[in-house]
Structure formats: structure tokens, C-alpha cells
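Chemist:
Number of protein chains: 2
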Amino acid sequence: MKTLKYSRQREELYDLLSSVKTHPTADWLYGELRKKMPNISLGTVYRNLALLIEAGKVQKITVGTSTDHFDANTSNHYHFVCNCCERVYDLDMEVMENLNQEAEEQSGHKVTGHSLLFYGTCNACKEKENRKDVLQ
Amino acid sequence: MKTLKYSRQREELYDLLSSVKTHPTADWLYGELRKKMPNISLGTVYRNLALLIEAGKVQKITVGTSTDHFDANTSNHYHFVCNCCERVYDLDMEVMENLNQEAEEQSGHKVTGHSLLFYGTCNACKEKENRKDVLQ
DNA sequence: TTTAATAATGATAATCATTACTGATTACAA
DNA sequence: TTGTAATCAGTAATGATTATCATTATTAAA
């Protein structure tokens, strides 16, 4: 059984991820952390994200793009991903717990959870589009 | 405007993907196609999958594992992925079209669709577990 | 305090899925 | 036929993530 030791890098990483409302990629976190700790390496970011996920303090969000996103909010909630800028947003919709049971009854598989992801164009990108139209 | 020309490789790929109930990876499709066409290359599989997706005849399914899965059933439906073997199954549940509007009203973003993915342990893996217990 | 055990680090190499490139081949409209 | 553009196989490149390794830092016990 491996016990965690304190590390400044992990603490700063978790503080940063907890402080943002967005759902950053490992690379974005790396860039931010380097401002305070110029020697931190990308491997350390990935390694500590994995440890925090294992500890149940962080969740990984996969949205179909090439890079994963991370979230310090581990409570079950739904996301929206913008097809245009690939940013991930939280949605304030109630979680449908009953769906798991419904899926289990229908399929016979043991269902432990679900993830619901909406996609489309975010407000920021919609406005950018409108500005482009005007300039046309 | 680029027009598609006939290709045996693309036809066989689509026939194969249409014929299976599973949701194979590019590499699995490659392995199967090589039985008939030993010289086909993995790049050709990926290139034609992309063309078929663009043509709306195939959809890509991302389930949080390292590799993408593909599905010739492009109608909107939900999936189950096994945490154990990573296989992807179709679910026969009715699609909740109303969710898009609900998410749009709540967030203000333009919502064009959603994907709902259940996870847990599939029947095949549950049985394998049971067999292990017996042998213990 | 020292010390000993071991977790964590930065740097870098390796991996793995996917994409891009290239020169040869093929489909197909004129 | 023939011109041309799509497609191919083979291979190199890419990009995200993971593994390795020698060194450093944390922690609990002496």
C-alpha cells in the first residue's frame, strides 16, 4: 500500500484546478503552473493528476477531442463542449439518477454510472461568428 | 468540391462495419480487412473512416478509453461501455430529444445534440468474474 | 537531531493512436 | 484512349500520454 507524501507541485496543481470554473487540459495547467514554478515538468502534472483521480479528488473528462480535460468537481454533473473552441462548460441541470437503473434493466449489464455530454456552439463562439458576419 | 470515386477498400470497410453489431476500433477493422485484402494499410482504414463520417454514413464513438470506436448506425442512440473489457454495446432506450432544449435554455449556448454513455460491467465480464470466484 | 526508507521530481525517452506525405496506381468523364 | 484527380500502400511525422531513471525531498523512527 503506497502512501502519498506531501509535494508542493501536487498542492499547487490541486489549488489551481479547484480555483478555475473551466475544465483545463494538462497542458494548460502545465503552462499556468510554470509561472510560479518554472521547473515543473509536464510529466509531473500528468502523474499528479493520476494520483488525484485515484484519490477521488479530481475527475477526467473525455469529450471526443484529442486532449482530455480535468475537473476538481467530482460530484456528478453534466457538461457542454463547444464544437468550435473545444471549451468545456458545466451545466446546471439535475442529474437523472434513474437512468442507470433503466439502462441496467434494459441491457442486463451492471450499470454503475453515466456521462451526459451536450455539444454545439458556445456563447463566446456565437458572438465571434456574428462579428465576422458584420465585417463580411 | 471533392467527389468520391469508387474504391474496393472503402466498400469492404463499410460492408464490414455495417455487418457487425459491435463497435469496432480502427485496428480491429484493419485486422479483419487484411484477411480478404492482405495489402490494405491502416492509413487507408482511417482515411476511409473519415470520408464515411464526412458523408454521414458512419459515426465515431469516443468512450474515454485510448482508442476510438466506430458505428455504421448513425441514428441517435445511447451506448454502454464496459469498464473491464472496454467493449461498447448499443442500448435500446428512447432518445430524450427534449434534453437539448433544456440544456440550451439553461446555459444559453446553442445546443445541437448530446451523447449519453453508460458504464459498468458487461454481462460477459460479470460471468468471467463469477467463474473466477468459483475457482478461488 | 540524524538516519533510513521511499515517494516525488525534472528531464528525457518510449509508446501508441492517429494523421500527413509520397510516388505509384486506379477510376472515370471527355 | 487519355487526362486528371482520387485512392492506394508504405512509411514518416505528430501529438498526447506514460514510463524510466538518477537525484531530491518528505516522513517516521531511532
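Chains C and S, in that order, give the protein sequences. Read in the working numbering, the first sequence has 12 at position 11, and its numbers run on one by one without any break. Read in the working numbering, the second sequence has 17 at position 16, and its numbers run on one by one without any break. Even glycine gets a Cβ: it sits at the ideal position worked out from N, Cα and C.
1) How long is the line joining the alpha carbons of C86 of chain C and E130 of chain C, rounded to whole angstroms?
2) Using a Cβ-Cβ distance under 7 Å, would Q107 of chain S count as near chain C?
3) Would you grab the beta carbon distance between T26 of chain C and H70 of chain C for me? Rounded to a whole angstrom, and I think it's under 8 Å.
4) Relative to the alpha-carbon of E144 of chain C, which residue among S:T113, S:E103, S:C123 has its alpha-carbon at the smallest distance?
5) Roughly how many angstroms separate the alpha carbons of V89 of chain S and D72 of chain S, rounded to a whole number?
6) Taking the straight line between their C-alpha atoms, what separation do you get for Q10 of chain S and K37 of chain S?
7) What does T63 of chain S reach in chain C if we use C-beta pairs closer than 8 Å?
8) Runs of 3 residues minimum, wholly inside the segment 96-127 of chain C: which ones carry the beta strand (DSSP E) assignment?
9) Give me the Cα-Cα distance between Y47 of chain C and T63 of chain S, rounded to the nearest whole angstrom.
10) Have a look at S42 of chain C and D16 of chain C and give me their C-alpha separation to the nearest angstrom.
11) For Y31 of chain C and chain S, any beta-carbon pair shorter than 7 Å?
12) Taking Cβ positions only, does H110 of chain C come closer than 7 Å to chain S?
13) Would you report the Cα separation of Y7 of chain C and H110 of chain C, rounded to the nearest angstrom?
14) Would A104 of chain S pass as an interface residue toward chain C - the criterion being a Cβ-Cβ separation below 7 Å?
15) Tell me where the beta strand (DSSP E) around V89 of chain S begins and ends.
16) Under 7 Å, Cβ to Cβ, is there at least one residue of chain C near L17 of chain S?
17) If we define contact as Cβ-Cβ less than 7 Å, is T1 of chain C a contact residue for chain S?
18) Is there a C-beta anywhere in chain C that falls below 7 Å from the one on M38 of chain S?
Modeler: Walking through what the data contain:
1) Here residue 86 of chain C is taken as the residue at index 85 of the first sequence, counted from 1. Here residue 130 of chain C is taken as the residue at index 129 of the first sequence, counted from 1. About 12 Å.
2) Here residue 107 of chain S refers to the residue found at position 106 when the second sequence is read from its first residue. Yes - at least one Cβ of chain C is within 7 Å of the one on Q107 of chain S.
3) Against the first sequence, residue 26 of chain C aligns to sequence position 25. Against the first sequence, residue 70 of chain C aligns to sequence position 69. Between H70 of chain C and T26 of chain C the Cβ distance is about 6 Å, and since that is below 8 Å, they are a contact.
4) Coverage of chain C is limited to positions 2 through 137, which leaves residue 144 of chain C absent and any answer about it impossible.
5) For the purposes of this step, residue 89 of chain S is identified with residue 88 of the second sequence, where counting begins at 1. For the purposes of this step, residue 72 of chain S is identified with residue 71 of the second sequence, where counting begins at 1. If you take the alpha carbons of V89 of chain S and D72 of chain S, they lie about 10 Å apart.
6) Reading the second sequence from its first residue, position 9 is the one you call residue 10 of chain S. Reading the second sequence from its first residue, position 36 is the one you call residue 37 of chain S. Answer to the nearest angstrom: the Cα atoms are 10 Å apart.
7) To locate residue 63 of chain S, count along the second sequence from 1; it is residue 62. Near T63 of chain S (Cβ distances below 8 Å), the residues of chain C are T63, V64, G65.
8) Listed in chain order, the complete beta strand (DSSP E) runs (minimum 3 residues) inside the segment 96-127 of chain C are 111-122.
9) Within the first sequence, numbered from 1, the residue matching residue 47 of chain C stands at position 46. Within the second sequence, numbered from 1, the residue matching residue 63 of chain S stands at position 62. If you draw a straight line from the Cα of Y47 of chain C to the Cα of T63 of chain S, it comes to about 21 Å.
10) Position 41 of the first sequence holds residue 42 of chain C. Position 15 of the first sequence holds residue 16 of chain C. If you take the alpha carbons of S42 of chain C and D16 of chain C, they lie about 17 Å apart.
11) As a working note, residue 31 of chain C is residue 30 in the first sequence. Put simply, the CB of Y31 of chain C is far from chain S, with every gap to its CB atoms at 7 Å or more.
12) Indexing the first sequence from 1 puts residue 110 of chain C at position 109. Judged by the 7 Å Cβ criterion, H110 of chain C is in contact with chain S.
13) Along the first sequence, read from residue 1 onward, the residue named residue 7 of chain C stands at position 6. Along the first sequence, read from residue 1 onward, the residue named residue 110 of chain C stands at position 109. The alpha-carbon atoms of Y7 of chain C and H110 of chain C are separated by roughly 40 Å.
14) Reading the second sequence from its first residue, position 103 is the one you call residue 104 of chain S. At least one chain C Cβ lies under 7 Å of A104 of chain S.
15) Reading the second sequence from its first residue, position 88 is the one you call residue 89 of chain S. Where V89 of chain S is concerned, the enclosing beta strand (DSSP E) stretches over 89-92.
16) Position 16 of the second sequence holds residue 17 of chain S. No, because no Cβ of chain C sits closer than 7 Å to the Cβ of L17 of chain S.
17) The question about residue 1 of chain C has no answer, for chain C in this structure spans 2 to 137.
18) As a working mapping, residue 38 of chain S is identified with position 37 in the second sequence. It does not: the Cβ of M38 of chain S has no partner Cβ on chain C nearer than 7 Å.
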